[in-house]
């Protein structure tokens, strides 16, 4: 699924906080991916959010992202050509602005990278300029096959993988009754490959639920209430 360019509020799926000052972000496109621009500052989310880049960069240094649809209006924000994802903050901090980061993710930590996109308007600001030469950023320092290897070793099909991820999202774990209702509802809506509650139980007995917090914070930005 693709996102139409426009203005969105990008929420942390766990805490509901917005990713940008002013709670609105313009999403524009290049041929290879998306750019995320703060409406108030006109600054873009960079490929490395640390030091002077923490509060954004000009268009020429903007990060290029894939927006990977997961379910409903929930997405992963991934740097193009890498296994690096925009990550949630330590939400237990009692602050209006708290750190977010880019971090390598695998199947055990991907849960902390879910974002909910709420479309506000069709405003895309100025048109992005084509980028000459090499368009994809160099993320070789982050390259890893951890996601693929963990995915192949833990789960044999995407249906059980994504169902497990939904049921074990931070702060909103599903009860068994809620799981049964959700699975039944998905079948009524015509979804394909919906696991049975018994097969999911067996999957979790063998591999465990997808849990864990994110401690791989090596690049930082800001998240707002």
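In this note's numbering, the protein residues as written are 5 to 229.
Just so you know, even glycine gets a beta-carbon here, dropped at the ideal spot from N, CA and C.
### Query
Which two residues bound the contiguous beta strand (DSSP E) that contains residue 39?
37-42 is the extent of the beta strand (DSSP E) around residue 39.
### Option in 193, 120, 12 with minimal Cα separation from residue 18
Of the candidates 193, 120, 12, the one whose C-alpha sits nearest the C-alpha of residue 18 is 120.
### Query
Can at least three beta-carbon pairs, one atom from the stretch 37-44 and one from the stretch 62-70, be found at a separation below 8 angstroms?
Touching, yes.
### Task
Could you give the DSSP three-state label for residue 181: helix, strand or coil?
If DSSP states are grouped into helix, strand and coil, residue 181 belongs with the helices.
### Start-to-end residues for the beta strand (DSSP E) that takes in residue 16
Under the DSSP assignment, residue 16 falls in the beta strand (DSSP E) whose first and last residues are 10-16.
### Task
Report the residue from 71, 123, 122 whose alpha carbon sits nearest the alpha carbon of residue 86.
Checked all of 71, 123, 122; the closest Cα to residue 86 is 71.
### Message
To the nearest angstrom, how far is the alpha carbon of residue 178 from that of residue 131?
### Response
Answer to the nearest angstrom: the Cα atoms are 43 angstroms apart.
### Task
To the nearest angstrom, report how far apart residue 46 and residue 10 are at their CA atoms.
Linking residue 46 to residue 10 through their CA atoms gives a straight-line distance of about 14 angstroms.
### Query
If you follow the beta strand (DSSP E) that residue 123 is part of, which residue opens it and which one closes it?
Taken as a continuous stretch (DSSP letters only), the beta strand (DSSP E) holding residue 123 covers 118-125.
### Message
Can you check which of these residues, 210, 183, 73, 43, is closest to residue 22 by C-alpha distance?
### Response
The option with the nearest alpha carbon to residue 22 is 43.
### Task
Assign residue 73 to one of two classes, buried (16 or more other C-beta atoms within 10 Å of its C-beta) or exposed (fewer than that).
Around the C-beta of residue 73, fewer than 16 other C-beta atoms lie within 10 Å, and the residue is accordingly described as exposed.
### Query
Is there a Cβ from chain D that is less than 8 angstroms from the Cβ of residue 124?
In the displayed structure, chain D is absent; only one protein chain is listed.
### Message
I'd like to check one pair, residue 79 with residue 61: are the Cβ atoms closer than 8 angstroms?
### Response
Contact check for residue 61 against residue 79 fails: the beta carbons are separated by 8 angstroms or more.
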